[in-house]
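Each position in the sequence shown, counted from 1, maps to that position plus 8 in the numbering used here.
Just so it is clear, CB atoms sit at the ideal spot from N, CA and C, and this is done for glycine as well.
Please read all numbers here as calculations on a predicted model, not as lab measurements.
Working notes, structure below.
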Amino acid sequence: MIYEQYKESVKADIEACMENLQVQPILFVGSGMSQRYFDAPCWDTLMLDLAERCPLITKRFAYYQQQYAKDNTKIASVFADTYSEWAWEDGQDKFPNEMFEPEVTKDSYIKYEVASYINGLADKFDVKANAYRDEIESLRKVKPHSIITTNYDDALEKIFPDYHKVVGQEIVRANYTSYGEILKMHGCSSQYETIVLTAEDYTDFNKRKKYLSAKLLTYFAEHPLFFFGYSATDTNIKGILSDIDEILAPNGELIPNIYMVCFEPDSENKRDLPTEQLVTIDATRSVRLKVIYASGFKWIFDALSSCTPEITVNPRLIRSLLARTYQLANSDLPKQELPFNFKMLQDIEENSEKLPTLFGITHLTDVQALNANFDYTLTDVAKALGGSYWNHAEQLLNKIWEDKGVNIKNSDNNYHLSIKTGAKSMTHKYSQNAVDLLQKVQNGEEYNLDL
């Protein structure tokens, strides 16, 4: 398969996934993206730079790699002690006066140096002047539900200025599903004390990771998720997948909504690129994900943005609405601290379509009529048939195509309706008739089409 055909195949798969889940994607962004956009360091380069910045670290970096089996977290712990000694001796003028108080942890000095180094590089990052400006502009148009990152820098905040930054422990404390947020799992260079760097930091992070993974499980199960800037062997990826693989893929099957995007500089000249990848978690477990190989990411971002609704709401407004709704349900209503029309609330309980009236939002009557007859997404259809993912129903639709020569999704009919949501994007809805039809196909029963 030549690369252009490969790209078209990948774009069609992305479109199918986006249409069937009908939610915006989650982007998981790693250090490879910061390296691409403003020459940020990789792990080894960062540690080498830290070794050169501290005059008390006199041995070559290779010595520490040898002593600690190239485990940069352990090397960082050793460097943290040395940086602390330096800070309290000849390096005092390198750090703010408030850092020389008893309550300041000894690893603060190396983290401060890391933050200063990263900030110095990221400050030069300018979207308009960047060599990858067109690619970054395409990334902006994706309008992801949220972004998750292990990067320390603030490049993502510059690319998505309307998104809210959530750092470290704040992610676990969040009380509602985050929208329009940048979740910085390993801390942020603007808050140096939050940076996850040393072996002790990672031990503490791994203790808390199960709570974080529980928060992220909804993302993994319900949204298209794209990993950018990571390799399949990245310990961060393995750590997250290790906590959710038994739920998402109990029998080792392909997880159809998770994509690993791999940078391959010579991808255009390669043939027969794989579309799936087995990610080894440990000696006994592995996870099958979709994989995309590319030397540039613009065409992938364009494929995602083509499925984005033409009219979108500012993320700040949605976050505000979510926060107020949570307070309303969690505090105001139970305590009856505000005067409410409880008859309206009772009506909403009995008819969920009246919920928007609580916020002063009205429905279009035509949309109400459509939703009454075509109220299933493909994921809903799959779940009604006992499946876990949309592709369960997709396979049954493909069987009808093979058996009858009819692709139900190609037209509006008794089973399917396509609704235009943007210049290039469509939403596909399905009726109870579709569920009944696919139930017969699944059971191997005789069936006829009534389009």
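For residue i, collect the residues of the same chain with a Cβ closer than 7 Å to its Cβ; drop the 5 residues on either side in sequence, then sort them by chain order.
{"i": "V135", "result": "R141, I144, K166 and I167"}
{"i": "Y91", "result": "C62, Y117, I118 and E121"}
{"i": "N399", "result": "P264"}
{"i": "T447", "result": "It should be noted that the sequence gives Gln, not Thr, for residue 447. Contacts found: L393."}
{"i": "V31", "result": "H153, E230 and H231"}
{"i": "Y423", "result": "I416, Y438, S439, N441, A442 and L445"}
{"i": "D420", "result": "S426"}
{"i": "Y408", "result": "One point to set straight first is that residue 408 is Ile, not Tyr, in the sequence displayed. If we look at I408 and ignore the five residues flanking it on each side, its Cβ neighbours are V414, I416 and V449."}
{"i": "Y14", "result": "L281"}
{"i": "K132", "result": "F46"}
{"i": "Q199", "result": "V175"}
Pick from the options: whose alpha carbon is nearest that of residue i?
{"i": "N381", "options": "G304, I34 and K437", "result": "K437"}
{"i": "T292", "options": "N265, P273, I300 and S250", "result": "S250"}
{"i": "P264", "options": "D209, K298 and S17", "result": "K298"}
{"i": "R216", "options": "L224, Q177 and T243", "result": "Q177"}
{"i": "Y72", "options": "Q100, K82 and P63", "result": "K82"}
{"i": "E27", "options": "L386, W409 and E453", "result": "L386"}
{"i": "I65", "options": "W94, K78 and S42", "result": "W94"}
{"i": "A390", "options": "A442, E410 and W307", "result": "A442"}
{"i": "I156", "options": "A88, I248, E109 and S146", "result": "I248"}
{"i": "G188", "options": "I34, Q74 and K67", "result": "I34"}
{"i": "D79", "options": "W51, L457 and D170", "result": "W51"}
{"i": "K306", "options": "F236, S294 and N105", "result": "F236"}
{"i": "D242", "options": "D290, D57, Q199 and L256", "result": "D290"}
{"i": "A401", "options": "E410, D411 and D388", "result": "D388"}
{"i": "Y267", "options": "Q13, I10 and E23", "result": "E23"}
{"i": "T211", "options": "L224, S85 and S313", "result": "S85"}
{"i": "Y384", "options": "Y125, I10 and L425", "result": "L425"}
{"i": "V269", "options": "T435, F234, E16 and E60", "result": "F234"}
{"i": "D57", "options": "N418, F69 and F46", "result": "F69"}
{"i": "L459", "options": "N406, N451 and N418", "result": "N418"}
{"i": "I179", "options": "L224, N259, W96 and A139", "result": "L224"}
{"i": "R44", "options": "Y238, D411 and S124", "result": "Y238"}
{"i": "E111", "options": "E201, Q403, C315 and Y227", "result": "E201"}
Examine chain B for any beta-carbon lying closer than 7 Å to the beta-carbon of residue i, and answer yes or no.
{"i": "K15", "result": "The displayed structure is made up of one protein chain only, and chain B is not part of it."}
Name the two residues that bound the continuous beta strand (DSSP E) containing residue i.
{"i": "M268", "result": "L262 to F271"}
{"i": "E12", "result": "Not the beta strand (DSSP E): E12 falls in the alpha helix (DSSP H), residues Y11 to L29."}
{"i": "A302", "result": "S294 to A302"}
{"i": "Q403", "result": "Element bounds for Q403: not the beta strand (DSSP E) but the alpha helix (DSSP H), W398 to K412."}
{"i": "Q285", "result": "E284 to T288"}
{"i": "I34", "result": "I34 to V37"}
{"i": "F235", "result": "L233 to F236"}
Hey, could you find the ends of the alpha helix (DSSP H) residue i is sitting in?
{"i": "V150", "result": "R141 to V150"}
{"i": "L129", "result": "S116 to A130"}
{"i": "I245", "result": "T243 to S250"}
{"i": "T387", "result": "L386 to A392"}
{"i": "S313", "result": "K306 to S313"}
{"i": "E441", "result": "Looking at the sequence provided, one finds Asn at residue 441 rather than Glu. First-last of the alpha helix (DSSP H) with N441: Q440 to N451."}
Could you give the C-beta distance for residue i and residue j, rounded to a whole number, given that I count them as a contact under 8 Å?
{"i": "K173", "j": "K192", "result": "6 Å"}
{"i": "S197", "j": "Y160", "result": "4 Å"}
{"i": "K114", "j": "A88", "result": "7 Å"}
{"i": "V150", "j": "F309", "result": "6 Å"}
{"i": "A137", "j": "S42", "result": "A137 to S42, Cβ: 16 Å. No contact."}
{"i": "L129", "j": "A59", "result": "18 Å between Cβ atoms; not a contact."}
Note down, in chain order, each residue of its chain lying with its Cβ closer than 8 Å to the Cβ of residue i, except the 5 sequence neighbours on either side.
{"i": "S303", "result": "F271, E272, P273, D274, S275 and E276"}
{"i": "A257", "result": "I263, V295 and R296"}
{"i": "I10", "result": "R279"}
{"i": "K412", "result": "L457"}
In chain order, what residues of the same chain have a beta carbon less than 6 Å from the beta carbon of residue i, not counting five sequence neighbours either side?
{"i": "H194", "result": "T158 and V204"}
{"i": "E453", "result": "none"}
{"i": "G395", "result": "none"}
{"i": "F213", "result": "V204"}
{"i": "K246", "result": "I289"}
{"i": "Q376", "result": "For Q376, the predicted model reports a pLDDT of 47, less than 50, meaning its position is unreliable and no value from the coordinates is stated."}
{"i": "M55", "result": "N80 and I83"}
{"i": "N127", "result": "S197"}
{"i": "H371", "result": "Unreliable positioning characterises H371 in this predicted model, as indicated by a pLDDT of 48, which lies under 50. A coordinate reading is not provided."}
Fully enclosed by the region 50 to 109, which alpha helix (DSSP H) runs are 4 residues long or longer? 51 to 61, 69 to 75 and 80 to 96
Curious, which full-length beta strand (DSSP E) runs of at least 3 residues does the region 158 to 224 contain? 172 to 175 and 189 to 192
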